[in-house]
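Enquirer: So the sequence lines, in the order shown, correspond to chains Y and F.
So the first sequence is numbered by my numbering: it starts at 1052 and just counts up by one.
So the second sequence is numbered by my numbering: it starts at 8 and just counts up by one.
Note that the Cβ used here is the ideal one computed from N, Cα and C, for glycine as well.
These figures come from a predicted structure and were not determined experimentally.
Once you've had a glance at the structure underneath, I'll fire off some questions.
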Amino acid sequence: MYSAADNRLDLIVDEPQILDRPCPSTRWEQFPYSSIAHHGEACCDVAREWVMSYDFAQLNGADAASGPRWLRQKWKWGPSPWPIHWCEAVERDTLDCGALGCMARELFAERGLQSFPAQFVQQYDEGATSQWLGKWDAEQVSTHWIDEDVIYHEACALVSGDGEVKLFDPSAGWWVNSRQAGGGYGGLLAVRLFDGDGRAWRWGRHTLRGDEWTKIAERP
Amino acid sequence: MKIYVSGLYSGGNPQPGVGIVRSLRQGYPNATLTGVEYSNRVSGIHWQDLDDLWIQRPWDELDLESYGAKVKALLDGGAYWISGSDLEAMWLADLFPDGHRNLLAPPMAAFKRIAKPGVEAHEGLPVAIPTHISTDVSDWDLHAFCRRHNWRVWLKGPYYDAARTPSWDVFEAARAALSKVWSTQKLFLQAHVGGYEESVMLSAYRGELLGAVSMRKRDITPEGKTWAGDVCDVPGDFLDPLRRIVRDLNWTGGGELEMVRDPKGQLWLLEWNPRFPAWVHGATIAGTNLPARLVQEASGILARPERADSEEFTRVVLEVPVRADYPLPPLPEPFAGAIGHSMKHPSGLPALAEQLHKNGRAMMDGEDGSADSGGAPAAVPESFLADLAGVDFEQVQTPEFLFFEKTAEGLFRQASERAHRISTNETQVVNAYSIKTNPDPRLIALARKHGFLAEGISLAEIQAALAVGFRTDECILNGPGKWWPRDMLPDGPLHAVFCDSIADLERTVEAMAAGDLAAHHVGVRIRTPNVTSRFGIPLDSPKTFRKLIDGVKRLPQDSKFGIHFHMASSHIGVAQWWHLFESILKWCRSIETLSGRSIEILDMGGGWFPDDWHDGEEGDFARAVDTVRALLPNVRQIVSEPGKAMAQPSMALAMRVLEIQQHEEDHVEAVVDASIAELPMHFFYPHRMLRRCGETGAWQPLRRGKTHLMGRLCMEHDVVAANVQLPEGTRAGDLIIFCDAGGYDRSMSYVFGRG
Chain Y
1052 MYSAADNRLD
1062 LIVDEPQILD
1072 RPCPSTRWEQ
1082 FPYSSIAHHG
1092 EACCDVAREW
1102 VMSYDFAQLN
1112 GADAASGPRW
1122 LRQKWKWGPS
1132 PWPIHWCEAV
1142 ERDTLDCGAL
1152 GCMARELFAE
1162 RGLQSFPAQF
1172 VQQYDEGATS
1182 QWLGKWDAEQ
1192 VSTHWIDEDV
1202 IYHEACALVS
1212 GDGEVKLFDP
1222 SAGWWVNSRQ
1232 AGGGYGGLLA
1242 VRLFDGDGRA
1252 WRWGRHTLRG
1262 DEWTKIAERP
Chain F
8 MKIYVSGLYS
18 GGNPQPGVGI
28 VRSLRQGYPN
38 ATLTGVEYSN
48 RVSGIHWQDL
58 DDLWIQRPWD
68 ELDLESYGAK
78 VKALLDGGAY
88 WISGSDLEAM
98 WLADLFPDGH
108 RNLLAPPMAA
118 FKRIAKPGVE
128 AHEGLPVAIP
138 THISTDVSDW
148 DLHAFCRRHN
158 WRVWLKGPYY
168 DAARTPSWDV
178 FEAARAALSK
188 VWSTQKLFLQ
198 AHVGGYEESV
208 MLSAYRGELL
218 GAVSMRKRDI
228 TPEGKTWAGD
238 VCDVPGDFLD
248 PLRRIVRDLN
258 WTGGGELEMV
268 RDPKGQLWLL
278 EWNPRFPAWV
288 HGATIAGTNL
298 PARLVQEASG
308 ILARPERADS
318 EEFTRVVLEV
328 PVRADYPLPP
338 LPEPFAGAIG
348 HSMKHPSGLP
358 ALAEQLHKNG
368 RAMMDGEDGS
378 ADSGGAPAAV
388 PESFLADLAG
398 VDFEQVQTPE
408 FLFFEKTAEG
418 LFRQASERAH
428 RISTNETQVV
438 NAYSIKTNPD
448 PRLIALARKH
458 GFLAEGISLA
468 EIQAALAVGF
478 RTDECILNGP
488 GKWWPRDMLP
498 DGPLHAVFCD
508 SIADLERTVE
518 AMAAGDLAAH
528 HVGVRIRTPN
538 VTSRFGIPLD
548 SPKTFRKLID
558 GVKRLPQDSK
568 FGIHFHMASS
578 HIGVAQWWHL
588 FESILKWCRS
598 IETLSGRSIE
608 ILDMGGGWFP
618 DDWHDGEEGD
628 FARAVDTVRA
638 LLPNVRQIVS
648 EPGKAMAQPS
658 MALAMRVLEI
668 QQHEEDHVEA
678 VVDASIAELP
688 MHFFYPHRML
698 RRCGETGAWQ
708 PLRRGKTHLM
718 GRLCMEHDVV
728 AANVQLPEGT
738 RAGDLIIFCD
748 AGGYDRSMSY
758 VFGRG
């Protein structure tokens, strides 16, 4: 609160409220989701077309709602610089979750399915995060996604029914388990999906409101 | 309270006995738990929670009658029995047709209603049953089933065992193995369902459902068996009908419904097992002790309260002390010169299956008693018989290929008429005859007569087409060796040339620029990712895709541009072929957009199995034309290559029996004067076979049976058919016709063993 008389800014912190915020780290509360950029030229046209056609070939006639598992086979999860363009992304050996999440989203859209960007906060431990810090630092890319023992992660929410979503994590190649027992190593603490209109979506036994963080489990 | 528990095998594909015992111990710490086994090699007998063991001789040694009397005496004496083995439970149900209050296993009537693969009892549950077919039908029909389901099929035994059979030779080997292990021909093929596996486990006593839980596999063994899972309540829309069904079945004991949930959320019921699953104690850990509930209901003795430690469970490997009174038996010595110990599975269930078969238990084979029938023979088209009627067999020097003129004429005419019907004003559909499938001039001439183009993979093949009367601009040149032999390049312009690689594309561009080659259409053959092939320009990386786009831009502008795609539908399956077709159209659209070259000709092949092509839904082909027009509006001509679909039915191989050899146990080998040199494709697909009756001259279709038809060659693998039944009275000199031999059998046949 700013007091002109005293020329003083008081920060009034309601600690219980902060602790109860759905996103366990303030640094990601307003963090935007990632998008792969396009040069507007043939280089990115060819790259993007290749990704889309390759995905359809990889479906092998399976249902369009199958997760694009091949993304994780083609690219290892790892550091990637931002911003990144389609022509750069396809040439890399590693892509981070933001790039893979964006690709998954675009692929579902190409298949005619509705999907949204999804952001996660996941629990790990400092042993894991220090490893990742070292790896990302070595590549001189941002480590903003790591905060002590929790991490920011991106994925994709696929509309799977009326008011219902499934969460596909293309960095892992799996559908996130909505029955997850709680936090813990690798556990999901919070989710935000961007549907643009703040609608309530069912995800297993959870309700996720669009564009807002939803707490899934307590941070241990 | 004394409870007998069987099914203690605890290997990688464990039985539930140890899990049942652990759960019972949790519910009844003071109960006397006795493990029942039929081999002292089963490691579960050493589990610490067992108070006692009742080890029987293996099933193949056991006298079932006296053993049954002992079991009855135990039950009459107040002991309970929970079976951990399907077959043992089935035998017990047969032993106690009216049930026994202490036998905690389902009654025989219930077994019949949960029999695989149809699982009649599933009606009312929100599940679907995967498409399946009994192996009673002809091999011809089984092959069709496999093609229809893209060779993503499982061959399953009546009780256990499943083998993935991605090709015909694998299927034949798996069928022989499963039939031998389970002493029955009554197997079935089931279409694969992709998705996540989950199960519902239930416990019931005299038709009252005592509880049920749902489990999703969260980790699996290499065999696909549960290693970890999460457990939750069964949803109401499943539980309510399940309760009704359990009542209808008057179910007693444990049970498991094994299912797959597909990406759309549909549940597919694979099987309903008449016992608790091996992960039974996982549910107990999660707070639902179904074995204890079962005993509580049967005995009226309250079990200890259930306790949930976690919603998830996993397995670990544990070493436990071996009981002093059951020392480990020695490991058999490997067979001399062999690798591995070649041991039988210690559960001994195949031996029980054999025992039950020998005893003629109707429950094993259904009520028709047709367990070992060779099934109906494949239907032979009338045109085959008409063609055979015109052959003077006195003049036939076997082995000899017979040309089925009427059949061939009909097939070419039919294909031509269909192409005409599905053509539109904007898009012409025209067939092309693949000369490599059979270069017989009679077939090439028929192709020309019926308006086909000629498709060659070498200049020699193009010359073969020209020799029959084709013009150069009715010929398509394709493949990696298309410029061989170099001096055979015809003078006139070709209808189309498709480049098989970037290097080939460069060469073609140069040849056309130099005036050495002319073609109305020039294009590329593309190789889609995810399908193994050595042909065409690969699209498996953005780099190769970019090279292709750059190459297409360099193709001469005065020729029309086209794309060729070829993949044998008989190999990958029909539905998969249609998916590839759509996939190719997407690639084509991308190539067109990125290169700026309009695609005006689309050449789609091939390798169609004749039935899939000729009897396939015309709507599929018409829809394909519509799809092409929608995605690639510049395409003016679709060249359709049926491949072997034209040639394969058009010839048969006549052979004569040289000798019939009777061996032990009804095993018959008949030596014929043909060989794998004339039937090189014999293990890729079944051939319909006919024997001419020596007395009447009538053609008799051969059923499946136990006779091996051995070729004339001194080659160990010269077996042209491993499972036929020769009609009674067959003798040396009799004529046998292998139909469906006009495709690659004919064109790839070789001279061998003829001096």
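Residues of chain Y with CB closer than 7 Å to the CB of residue 556/F, please, in chain order.
Expert: Going along chain Y in sequence order, the residues near residue 556/F (Cβ under 7 Å) are 1097.
Enquirer: Is there a C-beta anywhere in chain Y that falls below 8 Å from the one on residue 378/F?
Expert: Caution is warranted here: a pLDDT of 44 is assigned to residue 378/F, below 50, making its placement in the model unreliable, and no coordinate value can be reported.
Enquirer: Could you name the residues of chain Y that residue 535/F contacts, counting a contact when the two beta carbons are closer than 7 Å?
Expert: Residues of chain Y passing the Cβ test: 1108.
Enquirer: Is residue 210/F near residue 418/F, with beta carbons less than 8 Å apart?
Expert: Result no, Cβ atoms of residue 210/F and residue 418/F do not sit closer than 8 Å.
Enquirer: Go through its chain and collect everything with a Cβ distance to residue 45/F's Cβ below 6 Å, but skip five positions before and after it.
Expert: Closer than 6 Å at Cβ, skipping near neighbours: 63, 65, 66 and 355.
Enquirer: For the alpha helix (DSSP H) that contains residue 1104/Y, what are its first and last residues?
Expert: Where residue 1104/Y is concerned, the enclosing alpha helix (DSSP H) stretches over 1093–1110.
Enquirer: Rounding to the nearest angstrom, what Cα-Cα distance links residue 535/F and residue 761/F in this structure?
Expert: Cα to Cα, the separation comes out at about 43 Å.
Enquirer: Could you tell me whether the Cβ atoms of residue 542/F and residue 500/F are closer together than 8 Å?
Expert: For residue 542/F and residue 500/F, no; Cβs fall outside 8 Å.
Enquirer: Among 1198/Y, 1264/Y, 1224/Y and 1219/Y, which one has its Cα closest to the Cα of residue 1250/Y?
Expert: Among 1198/Y, 1264/Y, 1224/Y and 1219/Y, the Cα nearest to that of residue 1250/Y is on 1264/Y.
Enquirer: Could you tell me the alpha carbon to alpha carbon distance between residue 616/F and residue 577/F, rounded to whole angstroms?
Expert: The alpha-carbon atoms of residue 616/F and residue 577/F are separated by roughly 5 Å.
Enquirer: Are the CB atoms of residue 474/F and residue 459/F nearer to each other than 8 Å?
Expert: Not closer than 8 Å, so no.
Enquirer: Using three-state DSSP, classify residue 387/F as helix, strand or coil.
Expert: Residue 387/F falls in the coil class under three-state DSSP.
Enquirer: Is there a C-beta anywhere in chain Y that falls below 8 Å from the one on residue 293/F?
Expert: Chain Y contact via Cβ: absent.
Enquirer: Just verifying my parser: in three-state terms, what is the DSSP assignment at residue 1267/Y?
Expert: Note: residue 1267/Y maps to coil in three-state DSSP.
Enquirer: What residues of chain Y sit near residue 594/F, judged by a beta carbon separation below 8 Å?
Expert: Here the neighbours are 1104 and 1108.
Enquirer: Bridge partners of residue 1137/Y, per DSSP?
Expert: In DSSP, residue 1137/Y forms no bridge with anything.
Enquirer: In chain Y, what lies closer than 7 Å to residue 271/F by C-beta?
Expert: Neighbours of residue 271/F on chain Y, chain order: 1114 and 1116.
Enquirer: Give the residues of chain Y in contact with residue 7/F, contact being defined as C-beta atoms less than 7 Å apart.
Expert: The structure shown does not extend to residue 7/F, since chain F is modelled only from 8 through 762, so no value can be given for it.
Enquirer: Between which two residues does the alpha helix (DSSP H) carrying residue 27/F extend?
Expert: 24–34 is the extent of the alpha helix (DSSP H) around residue 27/F.
Enquirer: Name the two residues that bound the continuous beta strand (DSSP E) containing residue 527/F.
Expert: Residues 526–534.
Enquirer: Sort 665/F, 546/F and 580/F by Cα distance to residue 1104/Y and report the nearest one.
Expert: Comparing Cα-Cα distances from residue 1104/Y to each of 665/F, 546/F and 580/F, the minimum goes to 546/F.
Enquirer: Classify residue 342/F: buried if its beta carbon has 16 or more other beta carbons within 10 angstroms, exposed otherwise.
Expert: Exposed, because fewer than 16 other Cβ atoms sit within 10 Å of the Cβ of residue 342/F.
Enquirer: Going along chain F, which residues have a C-beta under 9 Å from residue 1142/Y?
Expert: Going along chain F in sequence order, the residues near residue 1142/Y (Cβ under 9 Å) are 549 and 550.
Enquirer: Under a Cβ-count criterion, where at least 16 other Cβ atoms within 10 Å of its own Cβ denotes burial, should residue 290/F be classed as buried or exposed?
Expert: It counts as buried.
Enquirer: Which residue from 123/F, 108/F, 107/F and 101/F puts its Cα closest to that of residue 116/F?
Expert: Checking every option, the nearest Cα to that of residue 116/F belongs to 101/F.
Enquirer: Taking buried to mean at least 16 other C-beta atoms within 10 Å of its own C-beta, is residue 754/F buried or exposed?
Expert: Buried, because 16 or more other Cβ atoms sit within 10 Å of the Cβ of residue 754/F.
Enquirer: Taking only three categories from DSSP, how would you classify residue 249/F?
Expert: Three-state result, residue 249/F: helix.
Enquirer: Tell me the residue span of the alpha helix (DSSP H) that contains residue 556/F.
Expert: Segment 549–561, the alpha helix (DSSP H) holding residue 556/F.
Enquirer: Decide if residue 721/F is buried, meaning its Cβ has at least 16 other Cβ atoms within 10 Å, or exposed.
Expert: Exposed.
Enquirer: Where does residue 193/F land, buried or exposed, given buried means 16+ other C-beta within 10 angstroms?
Expert: That one is buried.
Enquirer: Beta-carbon separation of residue 129/F and residue 276/F under 8 Å?
Expert: Result yes, Cβ atoms of residue 129/F and residue 276/F sit closer than 8 Å.
Enquirer: Which same chain residues, not among the five before or five after residue 106/F, have their C-beta less than 6 Å away from its C-beta?
Expert: Excluding positions up to five away in sequence, the list reads 114.
Enquirer: Taking 8 Å as the CB-CB limit, is residue 369/F close to chain Y?
Expert: Its pLDDT being 47, under 50, residue 369/F is placed unreliably by the model, and the measurement read from it follows with that caveat. It does not: the Cβ of residue 369/F has no partner Cβ on chain Y nearer than 8 Å.
Enquirer: So which residues of chain F does residue 1101/Y contact, with C-beta pairs closer than 7 Å?
Expert: Near residue 1101/Y (Cβ distances below 7 Å), the residues of chain F are 549 and 552.
Enquirer: Here's a check: name, in chain order, each residue in its chain whose Cβ is nearer than 7 Å to the Cβ of residue 118/F, leaving out the five neighbours to either side.
Expert: Answer for residue 118/F: 97, 100, 281 and 370, listed in chain order.
Enquirer: Is it the case that the Cβ atoms of residue 385/F and residue 146/F are separated by a distance below 8 Å?
Expert: Yes, the pair counts as a contact, with Cβ atoms nearer than the cut-off.
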